[in-house]
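The structure appears right after this line, and notes come after that.
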Amino acid sequence: MQQKLIQPMKAAAVKLFAPSDLALPYTEEESAAVAIPREKKKLEQALHDAGIPAVTVVIGNFTAFALQSPYVGIDIPQNRIVFTGNSKTQPVYLCSRKYVAAAYVSIFVHNSPSSLSGRTIGLNELHPTGMEIAAAMEERAGRPPQTAEESIENMRLQALEGNLAALVRKKMGDGTHGVGSDIWDVAGYPKATIRELIVDGKLDEEQSYIQPSEDTLHHLDKYFA
0 MQQKLIQPMK AAAVKLFAPS DLALPYTEEE SAAVAIPREK KKLEQALHDA
50 GIPAVTVVIG NFTAFALQSP YVGIDIPQNR IVFTGNSKTQ PVYLCSRKYV
100 AAAYVSIFVH NSPSSLSGRT IGLNELHPTG MEIAAAMEER AGRPPQTAEE
150 SIENMRLQAL EGNLAALVRK KMGDGTHGVG SDIWDVAGYP KATIRELIVD
200 GKLDEEQSYI QPSEDTLHHL DKYFA
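One point on numbering: in numbering that gives the first Met the number 0, the residue at position 210 of the sequence shown is 209, and numbering is uninterrupted.
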């Protein structure tokens, strides 16, 4: 859809375009097999070829996706978590929608188009490890979560078949789940903590990224059968 904007933007001499990325930075190899990051890479190339200045903003994952659905191995309602590779000790980079909105305002108010062009800017509200997420789940439920293990290799193979969630889990496990080095911090913004989100219920106040269904309810059952 955004590709259709390229010619009108070129004709209008747009000074800066921020394509809808709002995810993780992916390598060329990672993007090749999975549709969503592949299309984003194509858009970046098309903007470059058309000479349209662009800035990319990456956020890791939305808290509402990573913590409110089981597709990356975290099932808070049923108090269970699947660790992939080294995800117990590796950070997972997360942002709430409110933080992303505040960051967009801050970035585009305080910077000129020319200073933003060509950059990939990372946002990071919080970056808990898998064990820190599990500890918050234990405090919320009053008992330790059930845990299981998954291999990085298995997730890599599933990602090669086009599975986006498997690609995210691979990156959580191999230490490449991040937002780059050009990080924009929103001055004065009270960032959420994993405890506030899971234990104090701030996560429950967010609009769900994926609505609960039979699939979400049973998605991780195979690990705990």
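By construction, the Cβ of each residue, glycine as well, lies at the ideal position given by its N, Cα and C atoms.
At the level of alpha carbons, what is the spacing between L15 and A32?
In the sequence shown, counting from the first residue as 1, residue 15 sits at position 16. In the sequence shown, counting from the first residue as 1, residue 32 sits at position 33. Rounded to the nearest angstrom, the two C-alpha atoms are 29 Å apart.
By DSSP, does A53 sit in helix, in strand, or in coil?
What you label residue 53 is simply residue 54 of the sequence shown in a count that begins at 1. In this structure, A53 counts as strand in the three-state DSSP scheme.
Sequence ranges, beta strand (DSSP E) only - wholly within the region 99-182, length at least 3
Counting only runs of 3 or more residues that sit fully inside the region 99-182, the beta strand (DSSP E) segments are 119-121, 145-149, in chain order.
Within the same chain, show all residues whose beta-carbon is closer than 6 Å to that of N85, passing over the 5 residues directly before and after it, in chain order.
Residue mapping note: residue 85 aligns to position 86 of the sequence shown, counting from 1. Result list for N85: G172, in chain order.
Quick one: measure Cβ to Cβ for G121 and V91, integer angstroms, because I've assumed they're closer than 8 Å.
As a working mapping, residue 121 is identified with position 122 in the sequence shown. As a working mapping, residue 91 is identified with position 92 in the sequence shown. Incorrect: roughly 14 Å between the Cβ atoms, too far for contact.
Considering only the beta carbon of each residue, do S95 and A191 sit closer than 8 Å?
The count along the sequence shown starts at 1 and reaches residue 95 at position 96. The count along the sequence shown starts at 1 and reaches residue 191 at position 192. Cβ distance < 8 Å, so S95 and A191 count as in contact.
Looking only at C-alpha atoms, which of N78, V13, T83 sits nearest to I151?
Here residue 151 corresponds to residue number 152 of the sequence shown, with the count starting at 1. Looking from the CA of I151, the closest CA among N78, V13, T83 belongs to T83.
Compare the C-alpha of E148 against each of D220, A45, F64 and name the closest.
Counted from its first residue, the sequence shown places residue 148 at position 149. Of the listed residues, the one whose Cα sits closest to E148 is D220.
Three-state secondary structure assigned by DSSP to D184:
Within the sequence shown, numbered from 1, the residue matching residue 184 stands at position 185. Residue state for D184 is assigned as coil, using DSSP reduced to three classes.
Take the Cβ of I75 as the centre, count every other Cβ of all protein chains shown within 10 Å, and call the residue buried at 16 or more, exposed below.
Within the sequence shown, numbered from 1, the residue matching residue 75 stands at position 76. Classification of I75: buried, given that the 10 Å Cβ count is 16 or more.
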